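Colleague: For reference, the structure I am asking about is given below.
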Amino acid sequence: MIHKTKRYLVDVLGLNIDVDLWSENRRLPVYLQDSYKFQQTTLHNLPCLLMIALGEQEQTPAVIRKHAENIRDRWEGEVIYVRRNITAYNRHRLIQHKVSFIVPEKQLYLPLLGIDLREHFRRIRSEREQLSPSSQAVVINVLLDHNNHKYAPRELADKLGYSTMALTRVFDELEFAGIATTSRQGRKRFIEFPVDKRHLWETAGKFLRDPVKKRVYVNRMSSQIPNVVAGLTALSRMSMLSAPDRMTYAISGKAWKTIKEEDGLKQLPPIESDAIELEIWHYNPVTFAINGGVDPFSLYLSLRDSNDERIQIALEEMMEKIKW
DNA sequence: GTCTAAATTCCATGTTTGGT
DNA sequence: ACCAAACATGGAATTTAGAC
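Shown next, in the form of structure tokens:
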């Protein structure tokens, strides 16, 4: 219901009306003509007139109510005030004044329609520009795999510890992003990546995310923490960068959850110099671990946003050594 | 047809996150 | 601090299409 309404509003408010027929035929006072754009519509079969605020400056609620009443005299139906943003204070006052209003994609207050949802619609997140963790895990797996570039869902599911339906979604996602192509043979489905891994790395690059979901600091090492170093500890092993004082390990979210419950590690503030840094990953770092460290691709992604020049140089150095 | 394996859809669940 | 949306993924049921 809420979703339906939301979609509806987005559709209605997304319309661009070139000629404002309603107000032209009404010879509205100039101050109304100048301040608003009017648009007719219906909501749940009730005629509505959207009174869309044009000015940057937000009017006071009392003024808005006057305007709305003025309009209501010339229109049989609901008059709805529309503004891109309304301050919290004015929103309260509008509700007190019983002025219907819409903040596109965020808020809706329509008492006369029996809708008193002061539902604040969350900003619609922009088009997904990052792959889901499972999709990224597949890409990393392919980048590290020198023997193959075409896979079936089942084998990837087994290898990476996901279900086959997770792989169904992964296939769709990677195809949609233009990173890979999928095909079918009978009921089997396959996904095929560029043979040139370098090319794959480049096309996938902008869709890949920092694998680190969260960083925590603990007082001691635990046998349950996988022996997979990450962060600067890992980078120092793969470049000329000197080793940092503090060890950094990577762990999957799932593993961290059980360790936290079972092993009673103490979490410390990041300042403690003898703390161990744990990176909690979106996918399982152990799957791709090489020689007790995380894979270079994930490592690169975890540090590429650093603005420390030495780190950037070390990353470059590491990438140059990769045998594609 | 019926059986079966693989994939997919629908729904459920635990977690994270953004906005008051 | 709280709440609901969004996210990530899995379980069960359902569909698909090859094999007999």
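For the first sequence, the numbering used here gives the first residue as 240, with consecutive numbering after it.
Think of the CB as a built atom: it goes at the ideal place given N, C-alpha and C, for glycine as much as any other residue.
Nothing here was measured: the structure is a model prediction, and the numbers come from that model.
List the endpoints of the continuous beta strand (DSSP E) containing Ile319.
Modeller: Here residue 319 is taken as the residue at index 80 of the first sequence, counted from 1. Its beta strand (DSSP E) spans residues Glu317 to Val321.
Colleague: Is the region 471 to 483 touching the region 429 to 444 in the sense that three or more CB pairs, one from each, lie closer than 8 Å?
Modeller: Flag = no, the region 429 to 444 and the region 471 to 483 do not touch.
Colleague: Which same chain residues end up closer than 6 Å to Met477 when comparing Cβ atoms and leaving out the 5 residues on each side of it in sequence?
Modeller: Counting from one through the first sequence, the residue named residue 477 turns up at place 238. Excluding sequence neighbours, Met477 sits near Met557.
Colleague: DSSP state of Ser545, grouped into three classes?
Modeller: If you number the first sequence from 1, residue 545 lands on position 306. Three-state DSSP puts Ser545 in coil, outside helix and strand.
Colleague: Express the C-alpha separation of Ser374 and Phe527 in angstroms, rounding to a whole number.
Modeller: Here residue 527 refers to the residue found at position 288 when the first sequence is read from its first residue. Here residue 374 refers to the residue found at position 135 when the first sequence is read from its first residue. Each residue's Cα considered, the two are about 14 Å apart.
Colleague: As an exercise, report each continuous alpha helix (DSSP H) stretch of at least 4 residues that is fully enclosed by the region 401 to 457, in chain order.
Modeller: As far as the region 401 to 457 is concerned, its whole alpha helix (DSSP H) runs of at least 4 residues are 403 to 415 and 436 to 443.
Colleague: Taking the continuous alpha helix (DSSP H) assigned at Ile379, which residues delimit it?
Modeller: Residue numbering aside, residue 379 sits at position 140 when the first sequence is read from its first letter. Counting along the chain, the alpha helix (DSSP H) containing Ile379 begins and ends at Pro372 to Leu383.
Colleague: Just to confirm the assignment, what range does the alpha helix (DSSP H) spanning Ser475 have?
Modeller: Counting from one through the first sequence, the residue named residue 475 turns up at place 236. Taken as a continuous stretch (DSSP letters only), the alpha helix (DSSP H) holding Ser475 covers Gly470 to Arg476.
Colleague: Tell me where the beta strand (DSSP E) around Ser491 begins and ends.
Modeller: Looking up residue 491 in the first sequence gives position 252. Per DSSP, Ser491 belongs to the beta strand (DSSP E) from Thr487 to Ser491.
Colleague: Given a threshold of 16 other Cβ atoms within 10 Å of its Cβ, counted over all protein chains shown, does Glu412 qualify as buried or as exposed?
Modeller: Your numbering for residue 412 matches position 173 in the first sequence. By the neighbour-count rule (16 or more Cβ atoms within 10 Å), Glu412 is buried.
Colleague: Is it buried or exposed, Ala301, if we count other Cβ atoms within 10 angstroms and call 16 or more buried?
Modeller: Taking the first residue of the first sequence as 1, we reach residue 301 at position 62. Result: exposed.
Colleague: Where does Pro286 land, buried or exposed, given buried means 16+ other C-beta within 10 angstroms?
Modeller: Against the first sequence, residue 286 aligns to sequence position 47. Pro286 should be labelled exposed.
Colleague: Within the continuous beta strand (DSSP E) that includes Ile515, where are the two ends?
Modeller: Reading the first sequence from its first residue, position 276 is the one you call residue 515. Ile515 to Trp520 is the extent of the beta strand (DSSP E) around Ile515.
Colleague: Between Leu267 and the rest of its own chain, which residues show a CB-CB distance below 7 Å, the 5 nearest in sequence each way excluded?
Modeller: Counting from 1 along the first sequence, the entry for residue 267 is found at position 28. Excluding positions up to five away in sequence, the list is empty.
Colleague: In three-state terms, what does DSSP make of Leu288?
Modeller: Position 49 of the first sequence holds residue 288. DSSP places Leu288 in strand when its eight states are reduced to three.
Colleague: Determine, using beta carbons only, whether Gln506 and Val457 come nearer to each other than 7 Å.
Modeller: In the first sequence, the residue the question calls residue 506 occupies position 267. In the first sequence, the residue the question calls residue 457 occupies position 218. Against a cut-off of 7 Å, the Cβ pair of Val457 and Gln506 comes out as a contact.
Colleague: With DSSP run on the structure shown, which of helix, strand or coil describes Thr280?
Modeller: Here residue 280 refers to the residue found at position 41 of the first sequence. Looking at Thr280 - three-state DSSP - the assignment turns out to be strand.
Colleague: In this structure, how does DSSP classify Gln463 when only helix, strand and coil are distinguished?
Modeller: Along the first sequence, one-based indexing puts residue 463 at 224. DSSP places Gln463 in coil when its eight states are reduced to three.
Colleague: Verify whether the separation of the beta carbon atoms of Ala494 and Leu538 is less than 7 Å.
Modeller: Counting from 1 along the first sequence, the entry for residue 494 is found at position 255. Counting from 1 along the first sequence, the entry for residue 538 is found at position 299. No.
Colleague: Would you report the Cα separation of Arg454 and Ser491, rounded to the nearest angstrom?
Modeller: Within the first sequence, residue 454 is the residue found at index 215, counting from 1. Within the first sequence, residue 491 is the residue found at index 252, counting from 1. Approximately 12 Å, taken between the alpha carbons.
Colleague: Work out the CA separation of Gly417 and Arg565 for me, nearest whole Å.
Modeller: Outside the shown range of the chain (240 to 563) lies residue 565, about which nothing can therefore be said.
Colleague: Starting from the C-beta of Arg311, find all residues in its chain whose C-beta is less than 7 Å away, skip the five residues before and the five after it, and write them out in chain order.
Modeller: The residue labelled residue 311 in the question sits at position 72 within the first sequence. The residues are Val318.
Colleague: Between Val451 and Glu516, which are expected to be in contact by the criterion C-beta below 8 Å, what is the C-beta distance as a whole number of angstroms?
Modeller: Position 212 of the first sequence, counting from 1, holds the residue named residue 451. Position 277 of the first sequence, counting from 1, holds the residue named residue 516. Incorrect: roughly 10 Å between the Cβ atoms, too far for contact.
Colleague: Classify Ile561 as helix, strand or coil using the three-state DSSP reduction.
Modeller: For the purposes of this step, residue 561 is taken as residue 322 along the first sequence, with counting starting at 1. Of the three classes helix, strand and coil, the one that applies to Ile561 here is coil, per DSSP.
Colleague: Using only CA atoms, which one of Asn546, Phe536 and Glu559 lies nearest to Ile382?
Modeller: One-based indexing of the first sequence puts residue 382 at position 143. One detail in the question is off: residue 382 reads as Leu in this sequence, not Ile. Ranking Asn546, Phe536 and Glu559 by Cα distance to Leu382 puts Phe536 first.
Colleague: Tell me the DSSP bridge mates of Gln506?
Modeller: On the first sequence, residue 506 is found 267 positions in, with the first residue counted as 1. Paired residue(s): Val457.
Colleague: How many whole angstroms separate the CB atoms of Gln278 and Leu289, which I take to be in contact at a CB cut-off of 8 Å?
Modeller: Position 39 of the first sequence, counted from the start, is the residue given in the question as residue 278. Position 50 of the first sequence, counted from the start, is the residue given in the question as residue 289. That belief holds up - the Cβ atoms of Gln278 and Leu289 are roughly 4 Å apart, short of 8 Å.
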